[in-house]
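Note sheet for the following structure.
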Amino acid sequence: MTDTTTPSPETPAPVTDRYGVPVGSTKGDQFSSFDVDAFEVPSHKDEIWRFTPLKRLRGIHDGSNVAATGRLLVSVPDRDGVTVETVSTDDERLGKAGAPRDRVAAQAYSSVDEATVISVAKETELAEPVHITVDGPGEGELAYGHMQIRLAPFAKATFVVDQRGGGSIAENVEFLVDDSAHLEVVLIQDWDDDAVHLAGHHLLVGRDASLTYTAVTFGGEVVRIAPFAGFSDQGGTVTLNGLYYADDGQHIEHRLLVDHSVPNCKSEILYKGALQGDATSNLPDAHTVWIGDVLIRAAAEGTDTYEMNRNLVLTDGARADSVPNLEIETGEIAGAGHASAVGRFDEEHLFYLMSRGIPEDVARRLVVRGFFGEVINRIGVPEIRERVTEAVEAELQSSGM
21 MTDTTTPSPE
31 TPAPVTDRYG
41 VPVGSTKGDQ
51 FSSFDVDAFE
61 VPSHKDEIWR
71 FTPLKRLRGI
81 HDGSNVAATG
91 RLLVSVPDRD
101 GVTVETVSTD
111 DERLGKAGAP
121 RDRVAAQAYS
131 SVDEATVISV
141 AKETELAEPV
151 HITVDGPGEG
161 ELAYGHMQIR
171 LAPFAKATFV
181 VDQRGGGSIA
191 ENVEFLVDDS
201 AHLEVVLIQD
211 WDDDAVHLAG
221 HHLLVGRDAS
231 LTYTAVTFGG
241 EVVRIAPFAG
251 FSDQGGTVTL
261 NGLYYADDGQ
271 HIEHRLLVDH
281 SVPNCKSEIL
291 YKGALQGDAT
301 SNLPDAHTVW
311 IGDVLIRAAA
321 EGTDTYEMNR
331 NLVLTDGARA
341 DSVPNLEIET
351 GEIAGAGHAS
361 AVGRFDEEHL
371 FYLMSRGIPE
381 DVARRLVVRG
391 FFGEVINRIG
401 VPEIRERVTE
411 AVEAELQSSG
421 M
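Just so we're aligned, residue 21 is where the sequence shown starts under the working numbering, counting upward by one.
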């Protein structure tokens, strides 16, 4: 069960099944702790690590490389109604959205002395998005981080978190949305080619509140993001969107869990990814992983949820794994469903465009743009929609399409 206190190093991890869940419990009861020693070293026998290339994590996961050599720099502009604090890690607000659920997240939590807390005051409505930049420590260096974004009741705000630079990064990010508040956050992983980034994201939504979360992943050698979303009271809505594009040598993994534990809440999930590779190169094949777990507990009557993942494989030498899961403990729900697919171009669309005189390379670009359009149009910040569209176009041009 969830461990909300810091256990002693001698505390043994509970007996779990292959999913890291205590025997007799649900996935929502996956063991969590702030203490890194409470977790076993990850291996491919563990369900939550079986797709991750552990040998490429530079020892962050097993304790062989845990000493930070650089800093994870967080920059937030001054804005009326927004308070930015640098706090010690014993601040009682930290961890309120959830405890780390894997060894790397626990290592990140226990390895930082300070965290950044960004608060939006009660009944404050920000007219313009707040742009946050997070800079990696640089090639060959390791850094940890902890950031929390919290909205007081009836607040409304949009944040754009731009992650860039290189090095090895392990972090926790919390999003707390209090009653009747509304948060949109766009996280852009635009790391350098050398970056290894592992993140635990913790989302907690209050009564009649909403959180729209969009993860956009282009850069980095290995990127693994694990959002966990929960509800503290009725009427909450969580929307999780994602867009990712993997090239040769990249591993991009999004591992989601939405825990419906209270009545009358809603979740909607839409992730889309594209992959391209070069079978003749010496780099590892492009690989994406999407795991979407949704749990509806017995008490969560009136839940409405749907999740979808689509993957477009553009070339040989690329692999996409997509695993949606629904765990339902009550029949008194408004709706629940899931869908996923991994495929190549829709030949009918290509034929239709080419039959109207559009060259094949242009037709292929149009198909990919249309494929991502549904996710891009969900981003509420026009300049970010334009930036993501341009990034997709740049990826297509780099592939010769």
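Each residue gets a CB set at the ideal place from its N, CA and C atoms; glycine is no exception. In this text the structure is predicted, and so the values were computed from the model without any measurement.
Could you give the C-beta distance for residue i and residue j, rounded to a whole number, given that I count them as a contact under 8 Å?
i	j	result
D267	A306	6 Å
G263	K292	One detail in the question is off: residue 263 reads as Leu in this sequence, not Gly. The pair is a contact, with the Cβ atoms about 6 Å apart (cut-off 8 Å).
V193	S131	Not really, about 15 Å apart at Cβ, beyond 8 Å.
P283	G322	5 Å
A177	L146	4 Å
I68	R339	19 Å between Cβ atoms; not a contact.
According to DSSP, simplified to helix, strand and coil, what is residue i?
i	result
I189	strand
G165	strand
D268	coil
Q209	strand
L74	helix
D155	strand
E3	Look at the range of the chain in this structure, 21 to 421, and you will see that residue 3 is not part of it.
Q183	strand
A128	helix
G83	coil
D279	strand
Q235	Position check: residue 235 holds Ala in this sequence, whereas Gln was assumed. DSSP places A235 in strand when its eight states are reduced to three.
D313	strand
T409	helix
V225	strand
A383	helix
K116	coil
V395	helix
V43	Legend: pLDDT at V43 = 47, less than 50; position of this residue unreliable, no value from coordinates given.
G160	coil
V96	coil
L346	strand
E148	coil
Are residue i and residue j touching if we call contact CB-CB under 8 Å?
i	j	result
D228	A249	no
D182	V154	yes
I208	G156	no
E347	T72	no
L223	P247	yes
S95	I138	no
A126	F54	yes
L324	G351	Checking the displayed sequence, the identity of residue 324 turns out to be Asp instead of Leu. No, Cβ-Cβ distance for D324 and G351 is not below 8 Å.
G312	I289	yes
V216	R123	no
L332	F391	yes
V205	F179	yes
L92	V242	no
A201	A235	no
G220	R121	yes
Q168	A135	yes
R389	V412	yes
F251	S230	no
T232	T259	yes
G240	A299	no
R398	N261	yes
T46	G101	no
V314	S287	yes
E349	R385	no
A119	H166	no
Who are residue i's beta bridge partners in DSSP?
i	result
L253	For the sequence presented, residue 253 should be read as Asp rather than Leu. DSSP lists no partner for D253.
S63	Bridge partners of S63: none, in fact.
R339	H307
A219	E191 and I245
R330	K292 and A361
I138	V104 and I169
A356	T325
Original post:
On the three-pair Cβ rule with 8 Å, is the stretch 152-161 touching the stretch 109-128?
Top reply: no
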